[in-house]
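Have a look at the structure below, then the notes.
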Amino acid sequence: MSNWQEVDTYVKHWIKEAGDRIRKSFKSQLNIQTKSNRNDLVTNVDQETEQYFIERIRNTFPDHYILGEEGFGDDLKDTEGTIWIIDPIDGTMNFVHQQRNFAISIGIYHDGEGMLGYIYDVVHDELYHARKGHGAFMDDMQLKPLEEVDIRDSIIGVNALWVTENNRIDREVLGPLVRDVRGTRSYGSAALEMAYVASGRIDGYMTMRLAPWDFAAGKILIEEVGGVVTSLDGKELNILQKSSVFSCKPGLHENIQASYLKGISLNS
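Take the sequence shown: its letter number 109 is residue 124 in this note's numbering, and every next letter is one higher.
Structural data, given as structure tokens:
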């Protein structure tokens, strides 16, 4: 079993140092490539940042495993041991086009249980972090336990794509929810939107498909302040598999599922 306080100290130092490297890259020419489609972007900074973390983890915690978005980590078959799940830049499109609204996301799990979570808003220099059983924080400010809110008073993070024709979900499913809530928001970074749920800036966030590096850190943060994180059909998330994600304040999660998502069907 790791000394989690020691791990926490290292991560906070590394994540701030990596953020400084990213900010310095703003003045440099990016090498931009596409992955699964023309909107799925990756840059040399994504790759260099992931390699930065991997080098330090390998040298300091050689018995730990790594699952990274850019593929420089381990090929994992199960959740045994300590696993670092890393997204070096969550919100790469925002990074490329706006130089804001992106984050470094790191979730650390032991035998499948979330132990440490970090989401670093690089531009605003805001570090959301949590340690299991010790609360969640934004920098040095402890985040308050999430309180229940009525659907009509809630603000939900959801991409407008899911209420238009798409190949994941019937657009009619979420239309009524979008009409009934107080407002919707979309920031283009799953990690930041989950950090905003944890901090109470929004009341919930849902999306049809995320990879583990997109939700691993946010899940730890939200659960540490009493929120709920599942797939859209209410199932536990598998940290090695892609999934729909529905993160929400307590009570609101159950009410939305019962009123809008009951019997939901998603395309693979």
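Note that CB positions come from ideal geometry on N, CA and C, so glycine has one too.
Only a predicted model underlies this, so the values are computations on that prediction, with no experimental measurement involved.
Contacts around residue 247, its chain only, beta-carbon distance under 7 Å, and the 5 residues preceding and following it disregarded: 221, 259, 261, 276, 279 and 281
From 115, 253 and 188, residue whose alpha carbon lies closest to that of residue 38: When each option's Cα is compared against that of residue 38, the closest is 115.
Determine the extent of the alpha helix (DSSP H) in which residue 98 is found, giving its start and end residues. No alpha helix (DSSP H) holds residue 98; the beta strand (DSSP E) holding it covers 97–105.
Any idea if residue 75 is buried or exposed, counting beta-carbon neighbours within 10 angstroms, 16 or more meaning buried? With a threshold of 16 other beta carbon atoms within 10 Å, residue 75 falls short and is exposed.
Do residue 184 and residue 200 have their beta-carbon atoms positioned less than 8 Å apart in this structure? no
Sheet register partners of residue 64 (DSSP bridge): Residue 64 is not bridged to any residue.
Let's see if you can read the secondary structure: which residues bound the beta strand (DSSP E) around residue 118? First-last of the beta strand (DSSP E) with residue 118: 118–125.
Buried or exposed for residue 144, going by 16 or more other Cβ atoms inside 10 Å? Taking all protein chains in view, the Cβ of residue 144 is crowded by 16 or more other Cβ atoms within 10 Å, so the residue is classified as buried.
Nearest CA to the CA of residue 25: which residue from 53, 256, 172 and 73? 73
Scan the stretch 116–182 and note each continuous beta strand (DSSP E) run of 3 residues or more that stays entirely inside, going in chain order. Listed in chain order, the complete beta strand (DSSP E) runs (minimum 3 residues) inside the stretch 116–182 are 118–125, 128–136, 141–146, 151–153 and 170–172.
Given a threshold of 16 other Cβ atoms within 10 Å of its Cβ, counted over all protein chains shown, does residue 65 qualify as buried or as exposed? buried
Buried or exposed: residue 179, going by 16 or more other Cβ atoms within 10 Å of its Cβ? exposed
How is the alpha helix (DSSP H) around residue 24 delimited, first residue to last? 19–39
Rounded Cβ spacing between residue 236 and residue 134 (contact assumed at less than 8 Å): 7 Å
Between residue 87 and residue 69, which are expected to be in contact by the criterion C-beta below 8 Å, what is the C-beta distance as a whole number of angstroms? 5 Å
Enclosing alpha helix (DSSP H) for residue 211 [first to last residue]: 205–214
For residue 264, is the classification buried or exposed, using 16 other Cβ atoms within 10 angstroms of its Cβ as the cut-off for buried? buried
Could you tell me whether the Cβ atoms of residue 109 and residue 51 are closer together than 8 Å? Against a cut-off of 8 Å, the Cβ pair of residue 51 and residue 109 comes out as no contact.
Label residue 186 either buried or exposed according to how many other C-beta atoms from any shown protein chain fall within 10 Å of its C-beta, with 16 as the threshold for buried. exposed
How far does the alpha helix (DSSP H) with residue 240 in it extend, from its first residue to its last? Element bounds for residue 240: n/a, residue is neither H nor E.
Residue 45 and residue 60 look like a contact to me (Cβ under 8 Å); what is the Cβ gap, rounded to whole Å? 7 Å between Cβ atoms; contact.
Check whether the Cβ atoms of residue 271 and residue 190 lie closer than 8 Å to each other. no
Going by the beta-carbon positions, is the gap between residue 82 and residue 227 smaller than 8 Å? yes
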